[in-house]
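Contents: one structure, followed by commentary.
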Amino acid sequence: MADIVWYIVFTDEDVGPHWLHRVLKKGFFHCYCFRKIGDYIYYANPTTSNIDSRVYEKVAIEDLVSEIKKFPNSNILEFKYPFDINNKMFNIWNLAPTCVNIVKMFLGVSVRAQTPYQLYKQLLAKGAQTL
């Protein structure tokens, strides 16, 4: 199975004040992901009410990454992982529709992370690269 390359963004940006921020690490209040598919970039940003899905045409990954890096406290990982449709990822902790759990489902990775910072650290341990 071929590797799929995902880009995961960890940020404070785009999130209003929330009581949970008191226990989350600065720069890791929220996460979302995107990937290149042919001439398109698929972008998925889980919010409290929906998944903001977008498709960008003829945009270079490098341009999108440099735009995101302009926001303070934004960290980006490049993660190559062999997606397997038959992967049995059920985990009781993944039932809550948080940004972390939804991003893990997009990536097709089974890790125990429950906060954006935990996901960041566990993806680095699985070979993700910082951009």
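First residue of the sequence shown? That's -10 in my numbering, and the numbers climb one at a time after it. Glycine included, each C-beta is placed from N, C-alpha and C at the ideal position. All values derive from a computational prediction rather than experimental measurement.
query                                                                                                                                             : result
Please classify Ala117 as buried or exposed, where buried requires at least 16 neighbouring CB atoms within 10 angstroms.                         : buried
Classify Thr0 as buried or exposed, calling it buried when 16 or more other Cβ atoms lie within 10 Å of its own Cβ.                               : buried
Hey, would you say Cys22 sits closer than 9 Å to Ile(-3), going by beta carbons?                                                                  : yes
DSSP three-state label for Phe17, please.                                                                                                         : coil
Rounded C-beta distance between Asn90 and Gly16? I'm assuming under 8 Å.                                                                          : Going by Cβ atoms, the distance from Asn90 to Gly16 rounds to 20 Å, so no, they are not a contact pair.
Report the start-end ranges of each beta strand (DSSP E) in the region 24 to 54 that is 3 residues or longer and not cut off at the edges.        : 29 to 35, 40 to 46
What's the gap between the Cα of Ser38 and the Cα of Ala114?                                                                                      : 31 Å
State the Cα-Cα distance for the pair Thr119 and Val(-6), rounded to the nearest angstrom.                                                        : 13 Å
Roughly how many angstroms separate the alpha carbons of Phe18 and Ser55, rounded to a whole number?                                              : 20 Å
In whole angstroms, give me the CA-to-CA distance for Gln107 and Lys14.                                                                           : 10 Å
Taking 9 Å as the threshold (C-beta atoms), are Lys25 and Ile121 in contact?                                                                      : Only positions -10 to 120 of the chain appear in the structure, and residue 121 is not among them; the question remains open.
Please return the same chain residues whose Cβ sits closer than 6 Å to the Cβ of Arg43, not counting the five positions on each side in sequence. : Tyr32
Once you ignore the five residues that flank Cys121 on each side, which residues in its own chain have a CB closer than 6 Å to its CB?            : Not covered by the structure: residue 121. The range shown for the chain is -10 to 120.
Which same chain residues, not among the five before or five after Gln111, have their C-beta less than 8 Å away from its C-beta?                  : Val100, Arg101, Ala102
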